[in-house]
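Chains A and B supply the protein sequences, listed in that same order.
Residue numbers in the first sequence follow the numbering used here, run continuously in steps of one, and reach 296 at the last position.
Residue numbers in the second sequence follow the numbering used here, run continuously in steps of one, and reach 317 at the last position.
From the three backbone atoms N, C-alpha and C, an ideal C-beta is built for every residue, glycine too.
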Amino acid sequence: MTALSTPGPAAPHGVTGLAGIGRVFESRLLGYRRTFRSSIFNSFLGPVLFLTAMGVGLGTYVDRAGTDSLGGVSYLAFLAPGLLAATAMQSAAFEATFPIMGGLVWQRVFHAMYATPLRPIDIALGNLAWIAFRLLLIATVFTIVTVLFGAASSPLIVLAIPVAVLTGMAFAGPIGAFSATQRTMEKFNAVFRFGITPLFLFSGTFFPVESLPLFLQPIAWLTPLYHGVALSRGLSLGTAFDDPLVMAIHLLVLVGFIVVGALAMIRTVERKLVRG
Amino acid sequence: MTDHPESADSSLIHARGLTKRYAGFTAVDSIDFDVAPGESFGFLGPNGAGKTSTMRMIACVSPITEGTLRVMGLDPHRDGSRIRAQLGVVPQRDTLDEELTTRENLIIYGRYFGLPRAEAARRADELLEFAQLAERAKDQVEPLSGGMKRRLTIARSLINEPRVLLLDEPTTGLDPQARHLVWDRLYRLKQRGVTLVLTTHYMDEAEQLCDRLVVMDKARIVAEGSPRALIEQYSTREVTELRFPAGVQETLDGQLDGIGERIERLPDRVLVYAQDGDAALAAVHARGLQPETVLVRRSSLEDVFLRLTGRSLIE
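Okay, structure coming up:
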């Protein structure tokens, strides 16, 4: 048996600043290495299938009928940036439900972290940082596919990548906060069925919100996806800076959701960890 | 306990009037205890006695409701993160990352404590040896046996070279062989001077590992001392267990009176507490009683618990 008493360097201390967030992020990264290849492949396959079927296939018919209501651009060019934002939302919703429940309830890895100098705030924000990183990968791959399809009109589409990350994060915080209050995954179905899927369909991704019944339009404005889609599309089409004030409002809404969501998630994760 | 002279400075863990209340019930009701450096200290009691709640407060993951608690001289409320940096924790349920290998589990845990990667890896390899898991270093955790996972959890708790190791029911749910292996590893740690604080509802575990223990029942401490001292104080040297044929025990009214120092009736047997168990048995026979089976044994902590609470430890 080896002696364990050899003193190693630097007795560990408490956590301060951002160090704890980095350690939680590193843990998620270590777990991700196993699924990295298939995950990247999937984030390629998704946009390729969608843009082929909806953008090219369906788009041919839409374009033939005239696209004045879409701002005169091809349906593919209209759809791709919207779909980018909507995909970020979907991925964020997934990452903020099952893995959070896994860490707090199933495998309880977050409880193991809490037995170390890491604090609940490190665990909540480290996971959000991880989700942001995942979204960055997904949005980058999506944008490359979009460019390969010739669906981007402006080099500003590069900025649609961080916008997609912000859009996803506007959902990750609030949904993560909710997940941390749950003991079972029972209600996750409802989140997707009555939250994510309707938003995906009706927030301006596939058609302008203006074609919704008048009373539904304000509801669309209240959801972060509407603002993410508008920003993303403006950048991809190169029209974003025609009306900077509107773009600033879109951005502000997303940031607002992110801040409030993150604060809520810190609270609910802490409550769950303390309860045991 | 109040008659203990340790001050907050000399003891590693110091609690006075420590209380934990949840909405509607009191899990820990104003308990006092001190744990000295290098000591093995146990909380013995049945499920629901308040052991785990106490451990979670010491581990700085659950705030205290009332009273005083100092861990290594620090206040868990203010310095939780700093205290946890010097603790090793073995929770009741394993919290291993089952997607990672055993070695990765140890390394990433070291990283949580801020260890450099190379140092975390060096300690991980040592600890895998210690936990007798070196051949499983590259295996995923999920298929490991319960005993192996337990040993891995103990190895993991040592990655930061903690001053105090907190073990919440370290061997519950393990088969006897796996338990003995865990005990052996814990005994080695104890010999190296690691302070162990553990909860258990197993008598043999408490007797094997604890220098000193407190008996908890219904959120309070009902006795404190070394296993030997507790047995001397609350029990006799020996116990004679008598089992009578079905229906006979109920008809024994008063017939055993005066034998031994004390008699305890359990649903399935009668316990006669005596300094000399064989002499007590002879007295039983002399009265013409014919028990079906007889066991003369030394007193254990189980008897102490029975005496203090009137109930068995494991129902």
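What are the partner residues of residue i, as DSSP defines its beta bridges?
| i | result |
| --- | --- |
| Ser42 (chain B) | B:Leu198 |
| Thr253 (chain B) | Bridge partners of Thr253 (chain B): none, in fact. |
| Lys22 (chain B) | B:Val30 |
| Val1 (chain B) | The requested residue 1 (chain B) is not part of the displayed model; chain B covers only 3 to 317. |
| Met218 (chain B) | B:Ile223 |
| Glu1 (chain A) | Because residue 1 (chain A) is not part of the residues shown, which for chain A are 21 to 296, the question remains open. |
| Val165 (chain A) | Answer is none; Val165 (chain A) lacks a bridge partner. |
| Gln142 (chain B) | B:Thr103 |
| Ala231 (chain B) | According to DSSP, which records beta bridges pairwise, Ala231 (chain B) is partnered with nothing at all. |
| Arg300 (chain B) | B:Glu240 |
| Tyr275 (chain B) | B:Val241, B:Arg264 |
| Asp170 (chain B) | B:Thr201 |
| Thr295 (chain B) | B:Arg245 |
Exposed or buried, what is residue i when buried is set at 16 or more other beta-carbons lying within 10 Å of its beta-carbon?
| i | result |
| --- | --- |
| Val165 (chain A) | buried |
| Asp259 (chain B) | exposed |
| Glu207 (chain B) | buried |
| Glu115 (chain A) | buried |
| Lys140 (chain B) | exposed |
| Ile60 (chain A) | exposed |
| Gly52 (chain B) | buried |
| Trp300 (chain A) | Here chain A has residues from 21 to 296 only, and residue 300 (chain A) is not among them. |
| Ala282 (chain B) | buried |
| Pro238 (chain A) | exposed |
| Leu221 (chain A) | exposed |
| Thr117 (chain A) | buried |
| His13 (chain A) | This structure does not reach residue 13 (chain A), given that chain A is present from 21 up to 296, and the question cannot be answered. |
| Ala39 (chain A) | exposed |
| Ile158 (chain A) | buried |
| Gly86 (chain A) | exposed |
| Pro93 (chain B) | buried |
| Thr253 (chain B) | exposed |
| Ser301 (chain B) | buried |
| Asn49 (chain B) | exposed |
| Val30 (chain B) | buried |
| Tyr24 (chain B) | exposed |
Would a C-beta distance cut-off of 8 Å place residue i and residue j closer than the cut-off?
| i | j | result |
| --- | --- | --- |
| Leu102 (chain B) | Gly296 (chain A) | no |
| Arg309 (chain B) | Tyr236 (chain B) | yes |
| Gln127 (chain A) | Thr104 (chain B) | no |
| Leu146 (chain B) | Trp185 (chain B) | no |
| Val161 (chain A) | Phe64 (chain A) | yes |
| Thr197 (chain B) | Leu167 (chain B) | yes |
| Ile85 (chain B) | Cys62 (chain B) | yes |
| Ser173 (chain A) | Val294 (chain A) | no |
| Gly79 (chain A) | Leu96 (chain A) | yes |
| Asp99 (chain B) | Val129 (chain A) | yes |
| Leu155 (chain A) | Ala282 (chain A) | no |
| Gly256 (chain B) | Gly40 (chain B) | no |
| Met133 (chain A) | Met205 (chain A) | no |
| Leu20 (chain B) | Met59 (chain B) | yes |
| Phe35 (chain B) | Ile161 (chain B) | no |
| Val37 (chain B) | Ser55 (chain B) | no |
| Met267 (chain A) | Gly254 (chain A) | yes |
| Ile41 (chain A) | Asp142 (chain A) | yes |
| Phe191 (chain A) | Pro119 (chain A) | no |
| Val274 (chain B) | Gln251 (chain B) | no |
| Thr136 (chain A) | Phe115 (chain B) | yes |
| Thr67 (chain B) | Arg18 (chain B) | no |
How many whole angstroms separate the CB atoms of residue i and residue j, which I take to be in contact at a CB cut-off of 8 Å?
| i | j | result |
| --- | --- | --- |
| Glu240 (chain B) | Ala276 (chain B) | 6 Å |
| Glu209 (chain B) | Leu297 (chain B) | So it is not a contact: roughly 18 Å between Cβ atoms. |
| Ala200 (chain A) | Thr288 (chain A) | 4 Å |
| Phe45 (chain B) | Val216 (chain B) | 6 Å |
| Arg158 (chain B) | Tyr111 (chain B) | 5 Å |
| Met189 (chain A) | Ala152 (chain A) | 6 Å |
| Gly276 (chain A) | Gly102 (chain A) | With 8 Å as the limit, Gly276 (chain A) and Gly102 (chain A) do not qualify as a contact, their Cβ atoms being about 21 Å apart. |
| Ala100 (chain A) | Phe169 (chain A) | 7 Å |
| Ala87 (chain B) | His131 (chain A) | About 17 Å separates the two Cβ atoms, so there is no contact after all. |
| Pro164 (chain B) | Gly90 (chain B) | 3 Å |
| Ala126 (chain B) | Ile109 (chain B) | 5 Å |
| Ala180 (chain B) | Val306 (chain B) | No, Ala180 (chain B) and Val306 (chain B) are not in contact; Cβ-Cβ is about 27 Å, not under 8 Å. |
Just the chain D side, please: which residues come within less than 8 Å of residue i by C-beta, in chain order?
| i | result |
| --- | --- |
| Ser199 (chain A) | The chain inventory of the structure shown lacks chain D, comprising the protein chains A and B. |
Exercise for the section: Scan the region 190-260 of chain A and note each continuous alpha helix (DSSP H) run of 4 residues or more that stays entirely inside, going in chain order. Expected result: 217-222, 237-242, 244-257
Practice task
Jot down the residue ranges of each uninterrupted alpha helix (DSSP H) in the region 61-125 of chain B, minimum 4 residues, whole runs only, in chain order.
Solution key: 78-86, 104-114
Exercise for the section: Would you list, in sequence order, the uninterrupted alpha helix (DSSP H) runs of no fewer than 4 residues that lie entirely inside the region 75-102 of chain A? Expected result: 79-85
Handout entry: Completely contained alpha helix (DSSP H) runs for the region 47-72 of chain A, where each covers 4 or more residues
Key = 56-70
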